[in-house]
Amino acid sequence: MKTQNLEYRENVDLEPFYKVLENDSKMLESAFEILLDMITSYPGTTKNLAFLIKDEYPDLFKEIATICVSESDKSKGSSCCGGN
1 MKTQNLEYRE NVDLEPFYKV LENDSKMLES AFEILLDMIT SYPGTTKNLA
51 FLIKDEYPDL FKEIATICVS ESDKSKGSSC CGGN
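Following UniProt numbering, the numbering of the sequence shown begins with 1 at its first residue and continues without gaps.
This is the structure:
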């Protein structure tokens with residue numbers, strides 16, 4: 001039974017799915033959120049994904065780092081005493 005399931009998965013044509021994601025940004029965002037939820041549910045996988053993004057997608061990594069620094073800077077200056 002397991003072998004049949006694996007063979008079936010290998011024969012599935014994912015091209016229509018990819019086309020939908022290419023043509024519908026909301027669908028792409030939704031699929032990405034689902035994928036991230038799945039990935040972050042398993043210990044260690046989050047770190048592996050972070051390294052993958054850092055190594056294979058440097059532009060995405062830099063954008064995430066820029067956002068993190070920007071948010072960190074905002075939180076430093078937003079105290080009740082004007083940052084003092």
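By construction, the Cβ of each residue, glycine as well, lies at the ideal position given by its N, Cα and C atoms.
Can you tell me the Cα-Cα spacing of residue i and residue j, whole angstroms?
i	j	result
Asp73	Thr66	11 Å
Glu22	Ser30	13 Å
Glu71	Glu10	43 Å
Pro43	Ala50	13 Å
Val12	Pro58	31 Å
Glu63	Val69	10 Å
Leu35	Asp24	17 Å
Short of 7 Å in beta carbon distance, which residues of its chain neighbour residue i, apart from the five on each side in sequence? Order them along the chain.
i	result
Val20	Met27
Three-state secondary structure (DSSP) at residue i?
i	result
Thr40	coil
Val12	coil
Tyr57	coil
Asp73	helix
Assuming residue i contacts residue j under a Cβ cut-off of 8 Å, what Cβ separation, rounded to an integer in Å, is found between them?
i	j	result
Ile39	Thr46	7 Å
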